[in-house]
Each structure stands twice: as structure tokens, then as C-alpha cells.
């Protein structure tokens with residue numbers, strides 16, 4: 001395995017992320033952003049209120065590291081993501097090739113701020129995670145990148161804080177934490193233990209007052225599948241929106257030796273948040289003839305798009 005690289009030297013040079021600089025595990029603000037009430041990853045705001053009319057749309061999508069007709073797949077994925085007009089998009093298995101596609105798309109650059117655009121989350125591997133935040137509806141600050149425990153694959157937790165913009169559908173969101181990760185892959189004896197340790201680590205760093213965690217969880221057994229809600233007290237947007245927990249998001253598009261499972265989750269905390277709808281994206285293949293004739297699925301995973309609404313709730317953790 002390649003040695004992990006030190007991301008502290010990365011500086012965002014593109015206009016896409018011109019307001020931040022990555023240094024020692026955090027994105028530092030270079031220009032003014034609307035202030036949030038807290039910057040702590042371990043506690044919620046002492047008095048944060050949520051508007052009863054606010055809504056937030058969130059996507060999680062494993063875009064697949066496989067080098068399969070990337071020149072067709074990657075622009076198609078970007079087009080699909082743009083069509084959702086989501087407020088927040090969390091991506092896993094993002095390669096340098098995919099990052100280049102994001103950088104070359106002017107519409108995406110103008111619409112979304114990006115955490116992880118320079119490949120900081122790859123940490124010596126060839127894929128990582130990205131968070132895209134819609135500039136038209138949200139401001140983002142306090143980006144943080146944290147190494148996950150028990151990982152032999154250099155897995156990380158990417159997180160930041162969001163605030164809604166006045167006059168938009170997100171108005172009233174304050175100090176909402178967004179986080180994404182790609183938990184340890186199956187196949188090794190240690191992996192199940194590692195995933196549990198990683199979930200525990202992540203849960204301890206998300207505030208009770210309000211957080212959304214988007215992930216390829218890699219929870220491959222029935223017992224593991226219940227961990228987020230039964231043991232770690234997350235709520236599951238897919239289930240809360242009225243869907244069966246058994247609907248698979250992976251290994252059901254391409255022929256696979258693995259059992260199809262619902263690995264991709266949008267999990268959340270906070271009494272003021274409620275998932276009101278959820279659906280899958282990326283289910284339909286592209287019919288291509290070049291460079292080969294095939295039905296080309298955009299990924300070996302389906303994406304999840306969820307809408308969460310806010311209730312009139314006040315938290316006091318003082």
C-alpha cells in the first residue's frame with residue numbers, strides 16, 4: 001500500500017474553491033462567509049432554532065472508481081447530479097479523473113462550492129470523497145478532514161458546517177453538520193470490526209443538535225445493517241420516508257459476485273430534522289456504441305436523493 005501523503009500543503013487554486021485553503025486537517029476561510037453559531041465537531045449550538053418551513057435536499061452517491069468508459073460516465077454523472085439541483089451532494093470513490101471532470105464543468109463550478117477538490121481525502125490511495133455545497137442556498141465553513149480509526153485503507157471523515165441563506169428554502173438552518181465517509185471495504189477479517197469502530201468514532205463527532213451523515217457504509221451483514229439506527233441512534237432518511245430497508249443500492253446493476261445490499265445511506269440526527277421523501281438515482285443505463293456497444297450504468301451503486309424538512313425545535317445543551 002502506498003504511503004499516505006500529507007495534505008497540509010494543498011492550496012485551493014481554482015475559482016471553484018477560492019474561499020478556502022486546506023491546512024493541517026482543516027479548510028481555513030480566506031474570505032468572509034456568513035458566520036455560524038458553533039465550530040465544535042463534538043457539540044451542538046447552545047441555542048439553535050430551526051424554521052418550520054425550511055427544506056434541504058441531499059444526495060449521496062458512490063460514483064465508482066472503476067476505469068470504465070470514464071469519458072462517458074463521468075460527464076453523465078455530473079449531468080445527473082446537476083439535474084437534482086440538490087443543496088448538498090456527497091460523493092464516494094472519487095478518482096482524480098472524476099475530479100478533473102468537476103473542474104472542467106463551468107456550470108458545476110459556478111453552482112457548487114467543493115470540499116476535497118484537490119484530492120485531499122485520497123490520503124495516498126487513488127480515490128476519496130467530495131462534498132459539494134450549493135452556493136445559491138447554503139454557506140459552508142469549518143471544513144474538517146479526520147482520519148478514521150482501524151483503517152488499513154486510509155479512510156477519512158470529511159465534514160463541515162452549513163447555514164441557510166436568507167430568502168431561500170434553507171433559511172433557518174444554522175450550524176448543521178454535513179459529513180461523508182466511505183467505511184472500510186469488506187473482504188478482510190478485520191473489516192467488520194473496523195466499520196463498527198469507524199461508526200462509533202463518527203457518531204461521537206456529530207452533534208445531537210443536527211447532523212447529516214452520507215456514506216457508503218459497506219455494512220454487509222444483516223446484523224451490521226441495523227447498527228446505525230439500533231446501536232448508534234441515527235435516523236435513516238430512506239426508511240423514514242416510507243421505504244423498505246431491504247431495497248439494495250449496490251451490486252444490483254452490473255453482474256456481481258456479491259449479494260445486493262443497501263450500503264448507501266443518508267443518516268441524520270436532531271429532533272428538528274425529518275426526512276419527507278427519498279428516491280434512488282442512477283438506475284437507468286446509457287446505451288452506447290463507442291468505444292464498445294453496451295448498456296452503461298453510471299456506477300455499480302445507485303445514488304440516494306432525500307429531502308429533509310425542519311420542525312420548529314429549540315435545542316439547549318448548556
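In the UniProt record's numbering, the protein residues as written are 1 to 318.
C-beta atoms are modelled at their ideal positions from N, C-alpha and C, and glycine is treated no differently.
Would residue i and residue j qualify as a contact pair, given that the criterion is a beta-carbon distance under 7 Å?
| i | j | result |
| --- | --- | --- |
| residue 180 | residue 158 | yes |
| residue 305 | residue 59 | yes |
| residue 176 | residue 162 | yes |
| residue 214 | residue 173 | no |
| residue 262 | residue 248 | yes |
| residue 113 | residue 94 | no |
| residue 191 | residue 150 | no |
| residue 86 | residue 57 | yes |
| residue 386 | residue 55 | Not covered by the structure: residue 386. The range shown for the chain is 1 to 318. |
Could you tell me whether any non-hydrogen atom of the ligand ADP is closer than 6 Å to the CB of residue i?
| i | result |
| --- | --- |
| residue 146 | The ligand ADP is not part of this structure, which contains no ligands at all. |
Would you please state the rounded distance, in angstroms, between the beta carbons of residue i and residue j? I believe it to be under 8 Å.
| i | j | result |
| --- | --- | --- |
| residue 141 | residue 160 | 7 Å |
| residue 185 | residue 164 | Contact doesn't hold; Cβ gap of about 35 Å is too wide. |
| residue 206 | residue 269 | 6 Å |
| residue 96 | residue 182 | Not a contact, Cβ separation roughly 16 Å. |
| residue 98 | residue 63 | 6 Å |
| residue 82 | residue 100 | About 17 Å separates the two Cβ atoms, so there is no contact after all. |
| residue 102 | residue 115 | Wrong, their Cβ atoms sit about 12 Å apart, outside the cutoff. |
| residue 243 | residue 278 | 6 Å |
What would DSSP say about residue i, mapped onto helix, strand or coil?
| i | result |
| --- | --- |
| residue 173 | coil |
| residue 93 | strand |
| residue 161 | strand |
| residue 303 | strand |
| residue 73 | helix |
| residue 262 | coil |
| residue 110 | helix |
| residue 244 | coil |
| residue 151 | coil |
| residue 178 | strand |
| residue 212 | strand |
| residue 293 | coil |
| residue 188 | coil |
| residue 197 | helix |
| residue 103 | helix |
| residue 271 | coil |
| residue 203 | helix |
| residue 256 | coil |
| residue 236 | strand |
| residue 82 | helix |
| residue 115 | strand |
| residue 125 | coil |
| residue 219 | coil |
| residue 310 | strand |
With a CB to CB cut of under 7 Å and the five nearest residues on each side skipped, what residues in its chain are close to residue i?
| i | result |
| --- | --- |
| residue 239 | 245 |
| residue 40 | Confidence in residue 40 is poor, its pLDDT being 32 and thus under 50, which makes the residue's placement unreliable; the coordinate value appears in the next sentence. Hits under 7 Å: none found. |
| residue 105 | 78 |
| residue 73 | 296, 298 |
| residue 34 | Per-residue confidence for residue 34 stands at a pLDDT of 30, beneath the threshold of 50, marking its modelled position as unreliable; the derived number appears in the next sentence. Once the five neighbours on either side are set aside, the close Cβ partners of residue 34 are 139, 163. |
| residue 70 | 97 |
| residue 17 | Low confidence applies to residue 17: its pLDDT is 45, below 50, so where it sits in the model is not reliable, and the reading given next is rough at best. So the list reads 113, 114, 117, once near-sequence residues are dropped. |
| residue 119 | 96, 99, 128 |
| residue 80 | 281, 282, 298 |
Tell me which same chain residues have a C-beta within less than 6 Å of the C-beta of residue i, skipping the five on either side of it?
| i | result |
| --- | --- |
| residue 275 | 237, 240, 241, 306, 308 |
| residue 333 | Outside the shown range of the chain (1 to 318) lies residue 333, about which nothing can therefore be said. |
| residue 219 | 225 |
| residue 216 | 62, 92, 182, 263, 264 |
| residue 235 | 268 |
| residue 154 | 4, 123, 124, 125 |
| residue 285 | 295, 296, 297 |
| residue 260 | 248, 251, 252 |
| residue 203 | 232 |
| residue 166 | none |
Leaving aside the five residues before and after residue i along the sequence, list all residues of the same chain whose C-beta is less than 8 Å from its C-beta, in chain order.
| i | result |
| --- | --- |
| residue 66 | 300 |
| residue 211 | 176, 177, 178, 179, 268, 269, 270 |
| residue 156 | 121, 123, 128, 129, 145, 146, 147, 148, 181 |
| residue 84 | 57, 59, 281, 305 |
| residue 75 | 101, 105 |
*asked:* Under 8 Å: do the stretch 198-209 and the stretch 248-261 share three or more Cβ pairs, one atom per stretch?
replied: no
*Would you call the stretch 220-233 and the stretch 283-303 touching, i.e. three or more CB-CB distances under 8 Å?*
no
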